[in-house]
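According to mature numbering (1 follows the signal peptide of the UniProt record, and there is no 0), the stretch in the sequence shown is residues -21 to -1, 1 to 288, in order. Encoded as structure tokens, the structure appears first; notes follow it.
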Amino acid sequence: MGRLLLWVGLALVLQHHNGAAHKLVCYFTNWAYSRPDAASILPQDLDPFLCTHLIFAFASVKNNRIVAKNVQDENILYPEFSKLRERNRKLKTLLSVGGWDFGTPRFTAMLSTPARCEKFIDSVISLLRTYNFDGLDLFFLYPGQRGSPMHDRWNFVFLIEELVFAFKKEATNNLHPKLLLSAAVSGVPDIIQTSYDVRLLGRCLDFINILSYDFHGSWEKFTGHNSPLFSQPRDPRSSAYAMDYWRKLGAPSEKLIMGLPTYGSTFCLLKASETWLGARATGPASPGKYTKQAGFLAYFEICSFVRRA
């Protein structure tokens, strides 16, 4: 049980969907193995039956090609991640490219011409097949935001359409199962409107991972829930609102995966006596013993904190 809780705490997020085709999608972060002592974890430590889909986060982009972030990923983590399917034949593994820290410039450069997109797609198929991944997850945060030009919204759709076409062609030519394609997308209405053609993404992607978390955090001057299930009277941001928003804009409900964070946001309170939701805050609380990130505690760090309280 300790190992299971450790992994859930280190996963970036769980994504859950209750529908005709049940999916429980989990992210494994490639920096988890480098954490100290008991917090270090490798793919072979994971329970391959816990989730239906496991996504390895993250790969990078260099010279318009998808690449592993470091040598350890290629030599150790990718092969071990693939071996999980030997223990559970029904498990699907995907490789996620991008992430928050990755930013937008390399995505924008790659999307700027069809030739660069083609180079990226060819490298994706090669890397996924080399390491026996079942698909690709696009973690582009966000088209048309954070320095990305507005036309990246449409370039992103073009890339997805070309990936779908290339995946189908490669599967037919080589008699392989078709590679899966998913994307991690915002749950914030303003970003959704700016960054995505929801109907086209819903038509092309195999499933859509809604980032229905990080609605509040230590960057704000008041405490708030990381991932509230329902909206507050003056704040519509919530998991339910995000899922319904994507559905109303035309995304098929059976493709929508709701994000569940397995970590907590922490705050430094302006006054120790003010401990309610919406209390005034001055910034992030102290880093956790293992994750060492101010304003953030993994699930297992929260459990330790509660036991000591």
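The C-beta atom is built at its ideal place from N, Cα and C for all residues, glycine as well. Model, not experiment: these values are computed from the prediction.
F186 is a Cβ neighbour of I236, given a cutoff of 9 Å. Per DSSP, G77 is one residue of the beta strand (DSSP E) stretching across 71 to 77. In the displayed model, K2 falls within a strand according to three-state DSSP. The C-alpha of T241 lies about 39 Å from the C-alpha of A94. When the Cα atoms are used, R226 and D16 turn out to be separated by approximately 43 Å.
The straight-line gap separating the alpha-carbon atoms of S13 and S244 is approximately 22 Å. When only Cα atoms are considered, D113 and L179 end up about 22 Å apart. Residues of the same chain with a CB within less than 6 Å of the CB of S210, apart from the 5 flanking positions on each side, are S217, Y220 in chain order. The segment 183 to 197 and the segment 126 to 134 do not touch, with fewer than three beta-carbon pairs separated by less than 8 Å. Just so you know, the alpha carbons of R182 and S161 end up roughly 11 Å apart. Put simply, the backbone Cα of E97 is about 41 Å away from that of E199. Leaving aside the five residues that flank F28 on each side, the residues in its chain whose CB is nearer than 7 Å to its CB run, in chain order, N67. Taking C-beta separations shorter than 7 Å and ignoring five residues to either side along the sequence, the partners of E253 in its chain run R259, following chain order. Each residue's CA atom was taken as its position, placing I55 and A251 some 46 Å apart. Put simply, of D176, T173, Y224, F146 the residue whose alpha carbon is nearest the alpha carbon of D101 is F146. Between F86 and L158, the alpha-carbon positions lie close to 21 Å from each other. Straight across, the Cα-Cα distance linking A36 with G196 is about 22 Å. Bounds of any alpha helix (DSSP H) do not take in K41; it lies within the beta strand (DSSP E) bounded by 32 to 41.
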